[in-house]
């Protein structure tokens, strides 16, 4: 597989500038080996070196979605499927979704910003929808 070169990404017959798709450091590949989040947004792994937690987000996760910090850590420890969601507000800090299982077998989706230092800034986490779960199980 090849990564994003100086020309950027090629996918669906369209050339994208590297900055338009992602930061170039974490390439997203489609099944043909082309780098483009619009062609195929799924990755099997993404290196997360730690977590950044905001207190109000932690409280919301627990009260609204019944998701604990430990649940989120377990998702990342169990090799989640990760997909590109959108370009971040800061260059090189994009939003991703990690879909995976907790140690107890709960299907969760975690939305996060991958910071330049490799840490994940957790934005939200919730149970997967039926459609998300079906797609996760097909991978």
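Numbering (my numbering), first residue to last: 1 to 139. Ideal placement from N, C-alpha and C gives every residue a C-beta, glycine not left out.
Judged by beta-carbon spacing, residue 100 lies beyond the 7 Å limit of residue 49, meaning their Cβ atoms are not closer than that value. Exposure of residue 131 is indicated by the presence of fewer than 16 other C-beta atoms within 10 angstroms of its C-beta. Between the C-alpha atoms of residue 62 and residue 91 there is a straight-line separation of about 30 Å. Separation of residue 127 and residue 59 (C-alpha to C-alpha, rounded to the nearest whole angstrom) is 16 Å. Its chain contains 72, 75, 98, 125 as the residues whose beta carbon lies nearer than 6 Å to that of residue 110, once the 5 sequence neighbours on both sides are disregarded; these appear in chain order. Residue environment: residue 54 is assigned as exposed (fewer than 16 neighbouring CB atoms within 10 Å of its CB, all protein chains considered).
Rounded to whole angstroms, the separation of the alpha carbons of residue 139 and residue 67 is 24 Å. Rounded to whole angstroms, the separation of the alpha carbons of residue 116 and residue 134 is 32 Å.
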